[in-house]
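Enquirer: What follows is a structure written as structure tokens; I'll ask about it next.
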Amino acid sequence: MFRTDLPSHRRRLLVFVLVVFLVVGFAVRFVLVKLGWTDQPRPTATEPSAPSAEPSEPAAVSSLPPEELSAVTETANRFIRAYTTIDFSDRSKWLHALDGLTGKEFYQYLQEEATARPADGLTATSFGKIERLQCSGSGLTASCIGAVVVQEQKGQQFTPVERVYQLSLAKEGEHWVVEEAEVRGDFD
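The sequence shown begins at 1 in full-length UniProt numbering and counts up by one.
And the structure:
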């Protein structure tokens, strides 16, 4: 099937091409890692355990006082209840419920989303229950992640759907507001 009795110059050429591909492949990898164009964080000698600017999950330990942490949790709870309860025939009621719970930029984004997002056959969604909600933060920022059961209504049929929300909160004056909400995959 294969000719294994190649002349010596062809064998040398084959070995040379393989070596060139190996060298070029490792060189490209080295350059990409050196420039930071990879998904994996690069450890540095000066900061061996520096935390990232945007953690993917809130840490278990929070530097917020307990009363601030309870205020963050309450705001996140109220936001999730309002955010997951929407009647697609009257979205202005949904926006009105979110008005005091969100920052100005995020509220503008939600207004655009409410007018642009199609219902995809859904009549309404309603809040079911929060299975888990964990919040942490430091200073004037906090983040929460929560597993929520939402009832989706298509016609007269209700379907429970579990969603995981990650919220970023900021303190504006005396109150905490949601600056960003993302739907994530599995809680764990």
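Just so you know, even glycine gets a beta-carbon here, dropped at the ideal spot from N, CA and C.
This structure is a prediction, so every number in the text was calculated from the model and none was measured.
#1: In three-state DSSP terms, what is Glu174?
#2: Helix, strand or coil, according to DSSP, for Phe127 in the structure here?
#3: For Phe127 and Gly173, I'd like the C-alpha separation in whole angstroms.
#4: I think Val148 touches Ile86, with their Cβ atoms under 8 Å apart; what is that distance to the nearest whole Å?
#5: Looking only at its chain, what residues have a beta carbon closer than 6 Å to the beta carbon of Glu131, apart from the 5 residues adjacent to it on each side?
#6: Could you tell me the distance, in whole angstroms, from the CA atom of Val23 to the CA atom of Glu182?
#7: Going by C-alpha distance, which of Leu95, Lys93, Ala142 and Leu32 is nearest His175?
#8: With distances taken between CB atoms, is the gap from Lys101 to Val177 smaller than 8 Å?
#9: Could you check what DSSP says for Gly25 in three-state terms: helix, strand or coil?
Expert: With the structure as the only source:
#1: For Glu174, the secondary structure class from DSSP, reduced to helix, strand or coil, is coil.
#2: Strand, per DSSP.
#3: Between Phe127 and Gly173, the C-alpha separation is close to 29 Å.
#4: The C-beta distance from Val148 to Ile86 rounds to 13 Å, too long to fall under 8 Å, and the pair is not in contact.
#5: Cβ neighbours of Glu131 within its own chain (closer than 6 Å, five residues either side excluded): Ala147.
#6: About 42 Å.
#7: Here the closest residue by C-alpha is Ala142.
#8: As written in the sequence, residue 101 is Leu, which differs from the Lys given in the question. The criterion of a C-beta distance shorter than 8 Å is satisfied by Leu101 and Val177.
#9: When secondary structure is reduced to three states using DSSP, Gly25 falls in the helix class.
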